[in-house]
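Taking this note's numbering, the leading residue of the sequence shown gets 66, the next gets one more, and so forth. Where is the CB? At the ideal position from N, CA and C, for every residue including glycine.
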Amino acid sequence: MIQNRGLRHYLRQGGVIAYPTESCFGLGCDPKSRLGVQRILRLKGRPQHKGLILIAHELRQFSPFISQLSASQKTKLLETWPGPFTWLIPASKRCPFWLRGKHSSIAVRVTAHTGSAKLAHSINNAIVSTSANRSGHQSAKSARECSRLFGKSVRVISGRIGKAKKPSTIKDLVTNKVIRP
66 MIQNRGLRHY LRQGGVIAYP TESCFGLGCD PKSRLGVQRI LRLKGRPQHK
116 GLILIAHELR QFSPFISQLS ASQKTKLLET WPGPFTWLIP ASKRCPFWLR
166 GKHSSIAVRV TAHTGSAKLA HSINNAIVST SANRSGHQSA KSARECSRLF
216 GKSVRVISGR IGKAKKPSTI KDLVTNKVIR P
């Protein structure tokens, strides 16, 4: 594992990491780093307009990116977290467009994956989380596969992926519409 201070600095400078999540390895960066996000999109061949997911170890880490929540909305979120449940929440005015894409909301999840949660906790920040793959291809399931796919373009954090067989469910907090079952 990379030293926390060194990792924070690396991410703030636009660095990209590959790390284990619930169902596969993810590519991540500091969500405030436009350079980091651009690097991820380029590595994946993914268009910016789609937007990205953020993960964290607690709801508080999303505060710069999401609008104020009502008590009932917080309750709804906390009933599903931590876990493989991603919510679309109206983005705050401070949320960078490179995270939202063409949307007015941002996708967020408090992860139940121990390694990912410890990572977010150790750097005291939410992390961009998108599957470690080229768009349209299968996601990497190991550190070795990430190294093969991305070479020295990313720092690979070793660990085991979780037992989930599919990506997280995505649901809109305002409309309750299921976006991805």
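| Check | Outcome |
| --- | --- |
| When we look at the beta-carbon of Arg165 and count the other beta-carbons within 10 Å, is it buried (16 or more) or exposed? | buried |
| Could you tell me how far apart the beta carbons of Ala208 and Val219 are, in whole angstroms, since I believe they sit closer than 8 Å? | Wrong, their Cβ atoms sit about 10 Å apart, outside the cutoff. |
| Can you tell me whether DSSP reads Ala172 as helix, strand or coil? | strand |
| Bridge partners of Tyr84, per DSSP? | Gly91 |
| Hey, would you say Gly116 sits closer than 8 Å to His168, going by beta carbons? | yes |
| Which value, in whole angstroms, describes the spacing of the CA atoms of Arg199 and Ala182? | 24 Å |
| I'd like the span of the beta strand (DSSP E) that includes Leu153, first residue to last. | 150-155 |
| Does DSSP put Lys217 in a helix, in a strand, or in coil? | helix |
| Are the stretch 131-144 and the stretch 184-192 touching by the rule of at least three beta carbon pairs closer than 8 Å? | no |
| With a cut-off of 8 Å, do at least 3 Cβ pairs link the stretch 118-132 to the stretch 168-178? | yes |
| Taking only the alpha-carbon atoms, compute the straight-line gap between Glu144 and Leu153 and give it to the nearest angstrom. | 15 Å |
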